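Input: a single structure, listed below in structure tokens.
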Amino acid sequence: LHFNKPLLCPLTANRSVSPVAFGCAKDFVHKVKVRPEVKPIQQKLRRLPLSVRGAVSAELKNLEEHGVIEKIDASEWVSPIVVTRRKTGDIRMCVDLREPNKAVVVDSHPLPLIEEILSELRGAVMFSTLDLKSAYHQLKLHEDSRGL
Numbered sequence: 341l342h343f344n345k346p347l348l349c350p351l352t353a354n355r356s357v358s359p360v361a362f363g364c365a366k367d368f369v370h371k372v373k374v375r376p377e378v379k380p381i382q383q384k385l386r387r388l389p390l391s392v393r394g395a396v397s398a399e400l401k402n403l404e405e406h407g408v409i410e411k412i413d414a415s416e417w418v419s420p421i422v423v424t425r426r427k428t429g430d431i432r433m434c435v436d437l438r439e440p441n442k443a444v445v446v447d448s449h450p451l452p453l454i455e456e457i458l459s460e461l462r463g464a465v466m467f468s469t470l471d472l473k474s475a476y477h478q479l480k481l482h483e484d485s486r487g488l
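Final position of the sequence shown in this note's numbering is 488; the numbers increase by one with none missing.
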């Protein structure tokens, strides 16, 4: 295994100094396009077990402190939190967006065939990987999409 120092230095210099920081994509704001004929959906909330409520409160506070989520007055759209335990015992917190997703205009981009990608890599001598911490949280949502 060989590390290329000229490539490693900029990555090291730009990494987060905080193990909990999420980072944010620059110059990109995502707007979720909702089909105009769809009315907002209010799903029933799910009961959180007492055993995870403290961890959920702490995680919500952490996400708010890091600018990932923000408090809003009200929303026409309501989706429940879903909580599971990781192997480490920590919680994994998600939002069940199956119903709102039905209202979203599909913005599809065909993926290239794996054969095409492998063909382009033929002869390459240097490869790298990049792992983004909670990458989904690194995209800003347009103001109009934040109520979803």
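Beta carbons are placed, not taken as given, at the ideal position from N, Cα and C, and that holds for glycine. Only a predicted model underlies this, so the values are computations on that prediction, with no experimental measurement involved.
*residue 465 lies in the beta strand (DSSP E); which residues open and close that run?*
Looking up residue 465 in the sequence shown gives position 125. It is not in any beta strand (DSSP E) - residue 465 carries neither H nor E in the DSSP assignment.
*State whether the stretch 412-421 contacts the stretch 449-459, with contact taken as three or more CB pairs (one from each stretch) at a distance under 8 Å.*
no
_Taking the beta strand (DSSP E) that residue 392 belongs to, which residues open and close that run?_
Taking the first residue of the sequence shown as position 1, residue 392 is located at position 52. Note, residue 392: premise wrong, no beta strand (DSSP E); alpha helix (DSSP H) at 390-405.
*For residue 395, which residues of its own chain have a beta-carbon under 6 Å away from its beta-carbon, when the five flanking residues on both sides are left out?*
Looking up residue 395 in the sequence shown gives position 55. Once the five neighbours on either side are set aside, the close Cβ partners of residue 395 are 431.
*Report the residue from 364, 367 and 488 whose alpha carbon sits nearest the alpha carbon of residue 438.*
As a position in the sequence shown, residue 438 is number 98, starting the count at 1. Checked all of 364, 367 and 488; the closest Cα to residue 438 is 488.
*How many Å lie between residue 383 and residue 425 at the Cα?*
The sequence position of residue 383 within the sequence shown is 43, counting from 1. The sequence position of residue 425 within the sequence shown is 85, counting from 1. So the two alpha carbons sit approximately 23 Å from each other.
_Residues bridged to residue 370 (per DSSP)_ = On the sequence shown, residue 370 is found 30 positions in, with the first residue counted as 1. Residue 370 pairs with 481.
*Between the CA atoms of residue 478 and residue 461 - distance to the nearest angstrom*: Reading the sequence shown from its first residue, position 121 is the one you call residue 461. Reading the sequence shown from its first residue, position 138 is the one you call residue 478. The straight-line gap from Cα to Cα measures roughly 28 Å.
_When you measure from the CB of residue 465 to every non-hydrogen atom of the ligand ZN, does any distance come out below 7 Å?_
Of the ligands one can find in the structure shown there are none, so the ligand ZN has no counterpart to examine.
_For residue 409 and residue 400, what's the separation of their Cα atoms in angstroms?_
Position 69 of the sequence shown, counting from 1, holds the residue named residue 409. Position 60 of the sequence shown, counting from 1, holds the residue named residue 400. So the two alpha carbons sit approximately 8 Å from each other.
_Using 8 Å for Cβ pairs, my map puts residue 422 next to residue 373. What's the rounded Cβ distance?_
Against the sequence shown, residue 422 aligns to sequence position 82. Against the sequence shown, residue 373 aligns to sequence position 33. In fact, because the Cβ distance is near 24 Å, the residues do not count as touching under 8 Å.
*So what's residue 486 in DSSP terms, helix, strand or just coil?*
Numbered from its first residue, the sequence shown carries residue 486 at position 146. Three-state result, residue 486: coil.
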